[in-house]
Amino acid sequence: PKNPQQQENSAQGCTLQVDFSWKKFKSLITEKDDPQSKPIYIVDYKTFKPHLVFKSAADDSTFASGTLHHISINADCEIRGQPVTLKALKRFKTEYTHLSHAFSNNDAPVPMTWTSTSGFKTWDFICLDTQQMPVAKFSANAWAVKKVGNIEFLGSKAATSDAVRDEIVVTGLTLFYCMVLRSSSILSFFGAIFSRP
Numbered sequence: 001p002k003n004p005q006q007q008e009n010s011a012q013g014c015t016l017q018v019d020f021s022w023k024k025f026k027s028l029i030t031e032k033d034d035p036q037s038k039p040i041y042i043v044d045y046k047t048f049k050p051h052l053v054f055k056s057a058a059d060d061s062t063f064a065s066g067t068l069h070h071i072s073i074n075a076d077c078e079i080r081g082q083p084v085t086l087k088a089l090k091r092f093k094t095e096y097t098h099l100s101h102a103f104s105n106n107d108a109p110v111p112m113t114w115t116s117t118s119g120f121k122t123w124d125f126i127c128l129d130t131q132q133m134p135v136a137k138f139s140a141n142a143w144a145v146k147k148v149g150n151i152e153f154l155g156s157k158a159a160t161s162d163a164v165r166d167e168i169v170v171t172g173l174t175l176f177y178c179m180v181l182r183s184s185s186i187l188s189f190f191g192a193i194f195s196r197p
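In the UniProt record's numbering, the protein residues as written are 1 to 197.
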C-alpha cells in the first residue's frame, strides 16, 4: 500500500485559493490555477453564532455554517442541513475528528481525522480518511493579511465530488478558525485543560 506521501504525490486533485477581504469582512474561494476563475464559495464572518456562513457564489445561497465556542475546544458545522461536530481528540495538539457523509459509500457516516503541522510561514491542516490516507490539505499562511491559504484536494473522489468539496471547505475553514481562537483565548486554554476528549 502507498504511504501518505506517495498518495499525495500521485493524486490528481485540484487546489482552491482562499482570499480574505478586510473591506467586506469575507473570504472569496476560487480555483488557484485558473487566473480567470470566478469565486466558487463566499465565506461571511459574523460576530455572533454561526460565526462562519458559507455561500455558493453562483447564486449567493447559504449551504453551510460553522460555529466556534469560547470555552469548548470543539466546533460545530451544519452542511446542507446535516449537523457535523468537529471533536477534539487531544487537548493540546491539533487532532480532530468528524463524521462524514460525503466520504461514505452508504448511508452510515465514516470517521475522518484532521491533524496539523506548522512551520514559520504555514500552518497545514491535513484531512485523513478511515485508512489514514490524506484526502485534503489546507495550507494556511501564518503571516498573510489577505491570502489566507490554499485547499488542496487529494485523490479522485475529492476532485470530482461536489459534496466532498463542500465538506472539506466547511470543516477545514471552521477548524482553522477554531484553532486561531484556541491559540488566542485564555477561555479556550482552560477549556482544553478541563475537556475530556
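Think of the CB as a built atom: it goes at the ideal place given N, C-alpha and C, for glycine as much as any other residue.
In this structure, the alpha-carbon of Ala140 lies about 18 Å from that of Asp44. Asp129 carries a coil assignment under DSSP once its states are collapsed to helix, strand and coil. Gly66 is bridged by DSSP to Leu52 and Cys77. Lys49 counts as exposed, since fewer than 16 other C-beta atoms from the protein chains shown sit within 10 angstroms of its C-beta. At a Cβ-Cβ threshold of 7 Å, His101 and Leu86 do not count as neighbours.
With 16 or more other Cβ atoms inside 10 Å of its own Cβ, Lys137 counts as buried. In terms of Cβ geometry, Ala75 and Thr174 form a close pair [threshold 7 Å].
Here Val145 carries a coil assignment [DSSP, helix/strand/coil]. The residue from Thr117, Thr94 and Val53 with its alpha-carbon nearest to that of Leu181 is Thr94.
For Ser161, the secondary structure class from DSSP, reduced to helix, strand or coil, is coil.
CA-CA distance, Glu31 to Glu152, rounds to 10 Å.
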